[in-house]
Every structure is written in structure tokens, then in C-alpha cells.
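FYI, the numbering used here numbers position 59 of the sequence shown as 1326, with every residue one higher than the one before it. For glycine and all other residues, C-beta sits at the position ideal for the given N, C-alpha and C. What follows is a set of notes on a single structure, which appears directly below.
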Amino acid sequence: MANRKRTKTSSSIRRKDTRTAYAFISPWIIGFVCFTLFPIIFMFRVSLTNRKLNGVSEFSGMQNYVNMFKSGIFWNSIWVTLFFTIVMVIVTTIWAVIMALLLNQKQKLNGIFQFCYFLPSVIPSVALAYAFRTIFGKEAGLFNAFLSIFAGKNVAVNWLYDHATVYMVVFFITLFTYNTGQMMLIFRSGLSDVPMELYEACELDGAGAAKKFFSVTLPMISPLVLFNAVNGCVSALNGSFALLYPLTGESGNPDGMTQVLSLLIYKEAFSNMKVGYSCALSVVLFLIAALFGALLFGLSQKLVYYEN
1268 MANRKRTKTS SSIRRKDTRT AYAFISPWII GFVCFTLFPI IFMFRVSLTN RKLNGVSEFS
1328 GMQNYVNMFK SGIFWNSIWV TLFFTIVMVI VTTIWAVIMA LLLNQKQKLN GIFQFCYFLP
1388 SVIPSVALAY AFRTIFGKEA GLFNAFLSIF AGKNVAVNWL YDHATVYMVV FFITLFTYNT
1448 GQMMLIFRSG LSDVPMELYE ACELDGAGAA KKFFSVTLPM ISPLVLFNAV NGCVSALNGS
1508 FALLYPLTGE SGNPDGMTQV LSLLIYKEAF SNMKVGYSCA LSVVLFLIAA LFGALLFGLS
1568 QKLVYYEN
């Protein structure tokens, strides 16, 4: 009897703890259902209609998807999105690691340097984009003015609308975004946790700086590399609009070279008033983000080192 009573008591305590746990996480669950799950389901539903911006809507089945896959603009946007995402993640991750390594050196005023490196990252993306649009402008751009001084002649390169320079400038600007600054702080924190004994062992074996980085530093911070790569992919796919729209417009000039899917979604929804079609594009963007996440986590099983 005593054992049965203790069993009932422990079972009652477990149920009470379970209810308490669900009560604590219920605000997150409610927020997830209302602001994430419901919009996703609604987006899928609207993608099966020919809904316009004025609210007129009729069920059209898979017609939006048929039209999409027949569109050359869509396929161009897909390739631009993949290219922009992959290159942006690589460029920003490498730059963040370099900055973190520099800040990890024991130097005076390190805190001030870290603040200065991170400061451009707290500027809103739209304001940052407009500032760089002024810097790289053709007629009154500051960069052209500096080049004109050094060249001794007038330089009027349209950096953001020239096929040869637009990618170079756009990826340079991504180095100053919030995502890059956040990566740098995460890597900076991870480098502080790398055991010094491993570096000392490498030095005893006569290893140089490059050998220590690839044999010790990189494996030890590889979980952070995965984390930042996933965040970088999401930021490139979803946050590219705020950066590229002020720089190159909704059409991704020149000639659609920077028209990622988020820009095409905006253009179709608010310029062409095709809400249903833009929701179908959003579904594709959602699937691409999921694919990138699955691919990165798949690669992590072979490339990421976990101590345990």
C-alpha cells in the first residue's frame, strides 16, 4: 500500500510539473501559432488563388506555380538568390573570423576596437544602404571623388549599376551589416574558450600560425561556424530586401543581376498587385531556406567537431 501511495504521489508530482512547464512555455507556443504557423498556412492557401492587392480572389489551383516555372524572370531570380546567399555567407563568415582573431589578440584598448568594429552593424540596414548608395553614386559619390583626386582626372563610375562592379560593391557593403557584426562577437566569444594547452602542444611540435589555426582553432569553433552559417543563410534570404532595395531597386538593376526572390516578391505583390503569385514565390523562398538549413546540418555531421 505504501509503495502504491508513493507511486501515485510521484506520478501526481510529475503531472503537476508537466502542467507547470507547459504553462511557462505557453506564451511562446501562442506567439508561434499566431505569428508564425498561421501566416505560413495562410500563405500556402493564398498561393493557390489569383488574389489581387484589392482583395479580389478566386481559387486557381497550381496555376501560379505553373506560370512561375515558365517565367524567365523567376529562374533568373532563383540563380541570383542562390549565388547571393552562398557568396554572402562565405564572405561575411570569413571576415567575421578575421575580425574575431584580431580582437582576440591581447592588446590595449581592445574593448574600444571591438566597439568600433561592431558600431556599423547596429545601424539599420536601410540607413546603411542609403549611405553607401551616396558613397558609390556616379555623379556626386564620395568614392568617385576620392578616385578623381588620386587619378588627377574625373572618375564617374556608376558602381551600383555597372555589370562589372555591382557584385563587388554589394558584397563589400554586406561586411558592415548587423549579421556580420553579430558573427564577429560570437566568434570572439568562442575563441576565448579554446584551451591554451592545445596551442602550447602545437608550439612544442613546431607548428606555425596557419597550422595552429587549421588544426586547433577552426575545429574548436566549428560549431559556431555552423551556427553562424545557418543564421547567415536566413539573413541573406530574408534580410536581403532591406539592403538591396535601397541600393538597386525592386528590379534588381542592372538587368536583374541583384533581383533576389525577396525583391521579386515585393515587386509582384505591390507593383503588379499579384498577391497570390507573390505568395507562391514566398513558398519557394521558404523551401529554399529549409533546403539550406537541411544541407548545412547534414554537412555538420562530417565537418563539425564536438568535444563530447
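Going by DSSP, name the residue or residues bridged to residue i.
i, result
"residue 1316", "1326"
"residue 1541", "1319"
Please name the residue in the options whose C-alpha comes closest to that of residue i.
i, options, result
"residue 1514", "1448, 1470 and 1437", "1437"
"residue 1399", "1510, 1459 and 1457", "1510"
"residue 1563", "1351, 1416, 1498 and 1307", "1498"
"residue 1422", "1430, 1314 and 1413", "1413"
"residue 1403", "1386, 1428 and 1339", "1428"
"residue 1361", "1519, 1333 and 1455", "1455"
"residue 1546", "1368, 1394, 1312 and 1453", "1312"
"residue 1556", "1353, 1284 and 1364", "1353"
"residue 1566", "1419, 1478, 1476 and 1494", "1494"
"residue 1534", "1544, 1524 and 1517", "1517"
"residue 1351", "1315, 1528, 1538 and 1548", "1528"
"residue 1444", "1387, 1491 and 1343", "1387"
"residue 1484", "1560, 1572, 1519 and 1415", "1572"
"residue 1321", "1503, 1500, 1538 and 1301", "1538"
"residue 1503", "1481, 1530 and 1480", "1530"
"residue 1540", "1379, 1505, 1324 and 1283", "1324"
"residue 1309", "1433, 1559, 1542 and 1568", "1542"
"residue 1330", "1559, 1568, 1554 and 1548", "1548"
"residue 1519", "1433, 1554 and 1472", "1433"
"residue 1560", "1342, 1496, 1288 and 1368", "1496"
"residue 1460", "1348, 1431, 1446 and 1368", "1368"
"residue 1491", "1449, 1524 and 1482", "1449"
"residue 1512", "1393, 1501 and 1342", "1393"
Do you know how far the Cα of residue j is from the Cα of residue i?
i, j, result
"residue 1570", "residue 1489", "8 Å"
"residue 1358", "residue 1346", "18 Å"
"residue 1390", "residue 1333", "40 Å"
"residue 1474", "residue 1522", "50 Å"
"residue 1440", "residue 1396", "8 Å"
"residue 1256", "residue 1544", "Outside the shown range of the chain, which is 1268 to 1575, sits residue 1256, and nothing can be said about it."
"residue 1356", "residue 1277", "50 Å"
"residue 1339", "residue 1318", "22 Å"
"residue 1408", "residue 1298", "45 Å"
"residue 1532", "residue 1364", "33 Å"
"residue 1430", "residue 1526", "13 Å"
"residue 1405", "residue 1327", "46 Å"
"residue 1289", "residue 1302", "19 Å"
"residue 1292", "residue 1304", "16 Å"
"residue 1442", "residue 1287", "44 Å"
Provide the residue span of the alpha helix (DSSP H) that contains residue i, from first to last.
i, result
"residue 1448", "1445-1459"
"residue 1376", "No alpha helix (DSSP H) holds residue 1376; DSSP gives it neither H nor E."
"residue 1368", "1339-1370"
"residue 1435", "1433-1440"
"residue 1395", "1392-1402"
"residue 1533", "1528-1533"
"residue 1418", "1409-1418"
Beta carbon of residue i: closer than 6 Å to some heavy atom of the ligand GDP?
i, result
"residue 1429", "Looking for the ligand GDP in the displayed structure turns up nothing, as the structure carries no ligands at all."
- Query: At what residue ranges does the region 1464-1515 contain a whole run of the alpha helix (DSSP H), taking only runs of 4 or more?
  - Reply: 1476-1479, 1485-1505 and 1507-1515
- Task: Tell me the start and end of each unbroken beta strand (DSSP E) in the region 1543-1574 that is at least 3 residues and wholly inside, in chain order.
- Result: none
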